[in-house]
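Take a look at the structure set out below.
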DNA sequence: AAGAGACCCTGTTGGC
DNA sequence: TGCCAACAGGGTCTCT
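In this note's numbering, the protein residues as written are 84 to 372.
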């Protein structure tokens with residue numbers, strides 16, 4: 084479930100803790116969580132320093148020394164939790180009780196140790212997430228990163244780019260927004276939110292959107308993602324972060340996970356339907372087909 | 001080429 | 001209350 088705002092929040096949190104830290108150990112508990120690690124052995128990380136953390140779409144990139152990078156995708160249930168020697172925690176991802184209980188636990192797939200005593204746990208209940216160790220020079224060649232569309236919060240994401248991506252496409256707009264080659268970093272939550280703000284029905288074929296609607300969709304995506312990053316992403320249900328705080332974007336959600344509750348624009352009951360194989364929240368009054 | 005659907009995985013939810 | 005099918009979903013793969 085971590086999308087761009089959640090991954091960015093994790094990136095910022097970890098950057099403050101791990102920049103300059105030196106790897107002293109790597110324990111792979113679940114082999115499939117670290118695919119391709121046989122070609123470049125993880126022992127290459129030992130005694131290497133973390134020099135920076137970047138993000139591309141939903142992929143977190145940890146640059147290590149001069150020559151290596153770790154690419155991390157949390158998919159739906161991945162978490163990165165940093166434990167300090169004093170027991171303090173930092174991190175995030177899909178909320179589970181792992182955030183408040185002893186680590187490692189049964190969802191822990193990989194553990195990184197650092198010479199300053201900090202430990203980074205990669206927890207992933209459903210094992211869909213992955214960590215890949217790559218040569219720095221190969222990061223840009225990664226097929227997922229290469230195909231990825233524009234970053235919604237960067238200057239390259241202009242209305243015309245979105246218009247071009249959608250031109251002639253007959254798929255429902257929701258399916259295209261979930262496709263990372265259209266725009267980087269959007270997932271189920273922020274697609275629903277952006278479409279509601281833009282007053283566009285998720286089943287609308289992209290080819291049927293007029294210029295005005297695409298302009299509104301573009302500004303809505305920027306608006307929603309910017310707001311979500313500012314609020315440090317969305318946390319569901321009773322999750323508390325490391326500071327004991329709840330909330331963030333979730334409490335500002337327009338339609339997501341608000342089935343049966345009133346639309347913030349018109350008061351109509353929010354409905355849950357299925358579009359592109361995904362649970363989809365809409366206001367049938369604001370979002371007409 | 002584009003679009004639809006299966007698949008991966010496991011804890012949770014809901015129907016009977 | 002208990003059981004079990006359905007569900008959740010990002011990206012990749014296959015099929016049409």
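Heads up, the beta-carbon is just placed ideally off N, CA and C, and yes, glycines get one too. These numbers come from a predicted model, not from an experiment.
Residue 139: member of the beta strand (DSSP E) spanning 133-139, first to last residue. Counting of Cβ neighbours within 10 angstroms places residue 224 among the exposed residues, the total staying below 16.
Cβ-Cβ distances below 8 Å link residue 300 to 245, 256, 277, 278, 281, 283, 292 in the same chain, with the five nearest sequence neighbours on each side left out; the list follows chain order.
By the neighbour-count definition (other C-beta atoms within 10 Å, threshold 16), residue 267 is a buried residue. Cα atoms of residue 146 and residue 186: separation of roughly 25 Å, rounded to the nearest angstrom. In the three-state DSSP reduction, residue 306 falls in the helix class (H, G or I). When the Cα atoms are used, residue 260 and residue 119 turn out to be separated by approximately 29 Å. The beta carbon of residue 139 sits closer than 7 Å to the beta carbons of 228, 231, 267 from its chain, once the five residues preceding and following it are set aside; these are given in chain order. Counting other Cβ atoms within 10 Å of its Cβ, residue 212 reaches 16 or more and is therefore classed as buried. Residue 105 sits in a strand when the DSSP states are folded into three classes. Under DSSP, residue 202 takes part in a beta bridge, and its partners are 166, 196. Per DSSP, residue 146 is not a residue of any alpha helix (DSSP H); the beta strand (DSSP E) it occupies stretches across 142-147. Put simply, of 210, 359, 355, 162 the residue whose alpha carbon is nearest the alpha carbon of residue 85 is 162. Taking the Cα positions, residue 310 is about 27 Å away from residue 372.
Around the C-beta of residue 271, 16 or more other C-beta atoms lie within 10 Å, and the residue is accordingly described as buried. When DSSP states are grouped into helix, strand and coil, residue 294 belongs to the helix group.
Going by DSSP, residue 358 is part of the beta strand (DSSP E) stretching over 354-358.
Rounded to the nearest whole angstrom, the CA to CA distance from residue 115 to residue 192 is 9 Å. Put simply, of 342, 275, 297, 164 the residue whose alpha carbon is nearest the alpha carbon of residue 196 is 164.
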